[in-house]
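Peer 1: What follows is a structure written as structure tokens; I'll ask about it next.
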Amino acid sequence: MATRNGLTLGGVVPFSTVDFPGRLAAVLFTQGCPLRCRYCHNPHLRRRAASPARDWAATVAWLRRRVGLLDAVVFSGGEPTIQPGLADALAEVRALGFATGLHSAGTHPRRLSQALKLLDWIGLDVKAPFDRYAAVTGSIGSGAQARRALDAVLASGISYELRTTVHAALLGAADLLAIAEDLQARRVRRWVLQVFRPTGCVDAALLAPAGPGWLDAVLPSLRSRVPDIVVR
Ligand code: SF4
């Protein structure tokens, strides 16, 4: 059964200090994602289930009881921008007085552009050089969509964080340099490199540890293009 506004939720984290910088947030995980990233740590959320695990109206009622206890609500996934009801859901959450955040891989740039007007912060993935996206996401055309999403975020003026998950088997030094040059051309100053963690990953070929030091070796070249790089 679809929720009233089409938003399907797979789960909730009631309190998080790490999903919206500087804010205490609840995280709502939407169901469904068109990408098939090999390092995905939420594979159980990729399929859009016929029935949401959590009812939207009940979730809003639950959030109403959190007013004054939380600063923000973050929509994560899965990929929230596949949800036709995303803008309505953001507006509903904002009406309760919460700041709104979004984690997105930029798969639906048009819907993302609508959502940006209702967001206070976005964490956007930049998964690969845009012409090599399918090698990481398993989805032809995903690079062009992600490029449009990035340009929409940068044009919007909202607070953002760009994130790239780094695994030596998926992205080499040349790939990271290509991303850095693209971000430099867009005048991006800050970039987060997320070192792959095996939690939730079901691709056994990625679980062997990468050789030490390869990322450290390329960091100076990356920082000469994007000055504020955070590795976490
Ligand atoms: S975009 Fe996120 S949820 Fe979708 S497959 Fe990739 S890592 Fe998993």
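Just so we're aligned: the sequence shown equals residues 45 to 276 in the numbering used here.
Glycine included, C-beta positions come from ideal geometry on N, C-alpha and C.
So which of S203, R155, I202 has the shortest CA-CA distance to A190?
Peer 2: Among S203, R155, I202, the Cα nearest to that of A190 is on R155.
Peer 1: Cutting at 6 Å between CB atoms, please list the residues of its own chain near R80, excluding the five before and the five after it.
Peer 2: The residues are G182.
Peer 1: Under 7 Å from any heavy atom of the ligand SF4, does the C-beta of R80 make it?
Peer 2: Yes - the ligand SF4 has a heavy atom lying nearer than 7 Å to the Cβ of R80.
Peer 1: Mapping DSSP to helix, strand and coil, what is D272?
Peer 2: D272 falls in the strand class under three-state DSSP.
Peer 1: Work out the CA separation of L146 and L221 for me, nearest whole Å.
Peer 2: Going by the C-alpha atoms only, they are around 26 Å apart.
Peer 1: Suppose contacts are defined by Cβ-Cβ distances below 8 Å. Is S203 in contact with D169 by that definition?
Peer 2: Against a cut-off of 8 Å, the Cβ pair of D169 and S203 comes out as no contact.
Peer 1: Going by DSSP in three states, V111 sits in which element: helix, strand or coil?
Peer 2: In the structure shown, V111 sits in a strand (DSSP, three-state: E or B).
Peer 1: Give the secondary structure of I126 by DSSP, where H, G and I count as helix, E and B as strand, and everything else as coil.
Peer 2: Reduced to three states, the DSSP call for I126 is helix.
Peer 1: Going by beta carbon distance, what residues of the same chain come within less than 6 Å of A46, once the five residues before and after it are set aside?
Peer 2: With a pLDDT of only 42 at A46, under the threshold of 50, the placement of this residue in the model should not be trusted, and no figure is reported.
Peer 1: What would DSSP say about P96, mapped onto helix, strand or coil?
Peer 2: P96 falls in the coil class under three-state DSSP.
Peer 1: Of the choices E205, V270, Y83, whose alpha-carbon is the least far from that of T243?
Peer 2: Per the Cα distances, Y83.
Peer 1: Can you give me the Cβ contacts of S265 inside the same chain, cut-off strictly under 7 Å, excluding the 5 residues immediately before and after it?
Peer 2: L221.
Peer 1: Check whether chain B comes within 8 Å of T103, counting only Cβ atoms and requiring the distance to be less than that.
Peer 2: As a matter of chain content, chain B is missing from the structure shown, which is built from one protein chain.
Peer 1: Look at the Cβ atom of L137, then the Cβ atom of R98, and state whether they are nearer than 8 Å.
Peer 2: The sequence shown places Val at residue 137, not Leu. Cβ atoms of V137 and R98: not closer than 8 Å.
Peer 1: Buried or exposed: where does W100 fall if 16 or more other Cβ atoms within 10 Å of its Cβ makes it buried?
Peer 2: That one is buried.
Peer 1: Whole angstroms is fine: what's the gap from A212's alpha carbon to A178's?
Peer 2: Cα to Cα, A212 sits roughly 16 Å from A178.
Peer 1: Express the C-alpha separation of G141 and A224 in angstroms, rounding to a whole number.
Peer 2: Looking at the two C-alpha atoms, the distance is approximately 37 Å.
Peer 1: Start and end of the alpha helix (DSSP H) containing L220?
Peer 2: Note, L220: alpha helix (DSSP H), 217-229.
Peer 1: Among R276, D247, V239, L227, whose alpha-carbon lies nearest the alpha-carbon of S268?
Peer 2: Among R276, D247, V239, L227, the Cα nearest to that of S268 belongs to L227.
Peer 1: Taking the alpha-carbon of H85 as reference, which of D132, V270, P65, V239 has the nearest alpha-carbon?
Peer 2: Comparing Cα positions, the closest option is V239.
Peer 1: Drop a sphere of 10 angstroms on the beta-carbon of T74, count the other beta-carbons inside from all chains shown, and report buried for 16 or more, exposed for fewer.
Peer 2: When all chains shown are included, T74 counts as buried.
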